[in-house]
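**Student:** Residue numbers 1 to 102, in UniProt numbering, belong to the letters of the sequence shown in order.
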Amino acid sequence: MRDIHQQLINGIASGLRKAEESGDIIICSATSDRAVSLISNEVREVFTSDVFSPEELLALSGLIFHAVADKRFYDWEMPTLIGYTADDLAELGERIRQLSTL
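1. What does the Cβ neighbour count give for S14, buried or exposed, with the cut at 16 atoms within 10 Å?
2. Among the residues of its own chain, which have a CB less than 8 Å from the CB of G83, if the five just before and after it don't count?
3. Rounded to the nearest angstrom, how far is the Cβ of L58 from that of R97, given a contact under 8 Å?
4. For the alpha helix (DSSP H) holding E94, just list the boundary residues, first then last.
5. Kindly indicate the opening and closing residues of the alpha helix (DSSP H) around A30.
6. Taking 8 Å as the line, does the beta carbon of F65 fall inside it for any heavy atom of the ligand HEM?
7. Among A67, L38, H66, V46, which residue has its Cα nearest to the Cα of I12?
8. Please state whether the Cβ-Cβ distance between E45 and S100 is less than 9 Å.
9. Counting only the same chain and skipping the five closest in sequence on each side, list residues whose C-beta sits under 7 Å from that of A35.
Here you go:
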């Protein structure tokens, strides 16, 4: 299971490092941790409040977990209907849950 929050932080840190190496920016602190945190918070705000609220994302993930836990609902034909196995859908639910905590 990938950690979306950590991927975001790593991507921002990498981008800042590349921009500094190419001379496009100068980071004037010993580490870029503060800048990474500020940028990460702004990006997360866009993804978690402009599209879905954290509560809505949590509700969607809860609905997914409830659906895959009920074998009467998520039976043998559901993967054919939606293209996801129960395990695939549970992983999607976990990723949505991670987004709700960004």
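For every residue, glycine included, the Cβ atom is placed at its ideal position computed from N, Cα and C. For clarity, every value in this text was computed on a predicted model and none was experimentally measured.
**Tutor:** Reading off the structure:
1. exposed
2. none
3. Separation of the CB atoms of L58 and R97 is rounded to 7 Å, and the pair is thereby assigned contact status at 8 Å.
4. 86–100
5. No alpha helix (DSSP H) holds A30; DSSP gives it neither H nor E.
6. With respect to the ligand HEM, the structure offers nothing, as it holds no ligand at all.
7. L38
8. no
9. L16, I27
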